[in-house]
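Colleague: For the sequence shown, the positions run -22 to -1, 1 to 143 when mature numbering (1 follows the signal peptide of the UniProt record, and there is no 0) is used.
Sending over a structure as structure tokens; questions will come in a sec.
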Amino acid sequence: MKQIKTLLIAAVMMLGASQMNAQAKTAHIDVNDLLSKMPEMTSAKAQLEKLSKTFDGEYSTMVTEYQTKMKKYEGEAGTQTDAINETRAKEMQDMGQRIQQYRDSAQKQLQDKEMEIVKPIMDKAKAAIIKVAKAKGYQYVMDSASLILADGPNLFEDVKKELKF
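Here it is as structure tokens:
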């Protein structure tokens, strides 16, 4: 009886150990490729390009105005008093700072707008990846863009179908 009990305990322990060593089901998908092919992303990129061109146009106008004034002031510097040249130098410095502040503000606004537009698209893609992975019984899905070897199942086409594009 004692031997059967010991044998039964050993069998249960071996079964438990083999269950712990079972490999988790893993798949991969190139998230950047998926996002770039989503129709919503094309629209988002167009919006961001339009905003970027607006900022670039205003920035270019400011820089052109700065350069024009600088040439004018440099040309007239020899005929003006020190006080006027000092005032003009301060004006140019202030103008340069305004241009720098505008550029920084424009970059921040563009980044904020990108996050505002792209986050819902990323969330939608993530939800679709999770839904497909769970439906297929995968426990882990890795981004294949960061993998050295992606030889397992690729969920790209299934997620594409889920997103209906």
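Glycine residues also receive a C-beta, built at the ideal position from the N, C-alpha and C atoms.
Since the model is a prediction, treat every value here as computed from it, not as a measurement.
In this structure, does DSSP put Asn95 in helix, strand or coil?
Modeller: Locating residue 95 in the sequence shown gives position 117, where the first residue counts as 1. Reading off the sequence, residue 95 comes out as Ile, not Asn. Note: Ile95 maps to helix in three-state DSSP.
Colleague: Do His6 and Leu125 have their beta-carbon atoms positioned less than 8 Å apart in this structure?
Modeller: As a working note, residue 125 is residue 147 in the sequence shown. As a working note, residue 6 is residue 28 in the sequence shown. Taking a C-beta distance under 8 Å as the contact criterion, Leu125 and His6 qualify as a contact pair.
Colleague: With a threshold of 8 Å on Cβ separation, who are the neighbours of residue 144 within its own chain once the five nearest residues in sequence on each side are excluded?
Modeller: Because the chain here runs from -22 to 143, residue 144 falls outside it and cannot be looked at.
Colleague: Taking Cβ to Cβ, would you say Ile77 is nearer than 8 Å to Glu18?
Modeller: In the sequence shown, residue 77 corresponds to position 99, counting from 1. In the sequence shown, residue 18 corresponds to position 40, counting from 1. No, the pair does not count as a contact, with Cβ atoms beyond the cut-off.
Colleague: Apply the 10 Å Cβ neighbour rule to Phe143 and answer buried if 16 or more other Cβ atoms are within range, or exposed otherwise.
Modeller: Position 165 of the sequence shown, counting from 1, holds the residue named residue 143. Per the 10 Å Cβ criterion, exposed.
Colleague: From the DSSP secondary-structure annotation, give me the bridge partner or partners of Val119.
Modeller: Mapped onto the sequence shown, residue 119 falls at position 141. Partner(s): Ala5.
Colleague: Can you give the beta carbon distance from Gln117 to Ala2, rounded, assuming they're within the 8 Å contact cut?
Modeller: Position 139 of the sequence shown, counting from 1, holds the residue named residue 117. Position 24 of the sequence shown, counting from 1, holds the residue named residue 2. Correct: roughly 4 Å between the Cβ atoms.
Colleague: Within 10 Å of its beta-carbon, does Asp101 have 16 or more other beta-carbons around it, so buried, or fewer, so exposed?
Modeller: Translated into the one-based positions of the sequence shown, residue 101 becomes position 123. Flag for Asp101 reads exposed.
Colleague: DSSP puts Asp132 in a beta bridge; with which residues?
Modeller: Locating residue 132 in the sequence shown gives position 154, where the first residue counts as 1. Checking the sequence, you will find Asn at residue 132 rather than Asp. In DSSP, Asn132 forms a bridge with His6.
Colleague: Thinking C-beta only, is Leu133 closer than 8 Å to residue 168?
Modeller: Summary: the structure shown does not reach residue 168, with the chain confined to residues -22 through 143, and so no result is reported for it.
Colleague: The alpha helix (DSSP H) spanning Gln25 covers which residue range?
Modeller: As a working note, residue 25 is residue 47 in the sequence shown. Note, Gln25: alpha helix (DSSP H), Pro17 to Glu54.
Colleague: Is there contact here, the region 47 to 62 with the region 81 to 92, by at least three beta-carbon pairs under 8 Å?
Modeller: no
Colleague: Beta-carbon within less than 8 Å of Asn(-2)'s beta-carbon, same chain only, minus the 5 sequence neighbours each way: which residues are those?
Modeller: Locating residue -2 in the sequence shown gives position 21, counting from the first residue. Low per-residue confidence applies at Asn(-2): pLDDT is 42, beneath 50, and the placement is therefore not dependable, though the value from the model is reported in the following sentence. Excluding residues within five positions, none has a Cβ falling inside 8 Å.
Colleague: Compute the Euclidean distance between the alpha carbons of Lys50 and Asp90, then round it to the nearest angstrom.
Modeller: Here the question's residue 50 lines up with position 72 in the sequence shown. Here the question's residue 90 lines up with position 112 in the sequence shown. About 38 Å.
Colleague: In this structure, how does DSSP classify Ile107 when only helix, strand and coil are distinguished?
Modeller: Translated into the one-based positions of the sequence shown, residue 107 becomes position 129. Three-state DSSP puts Ile107 in a helix.
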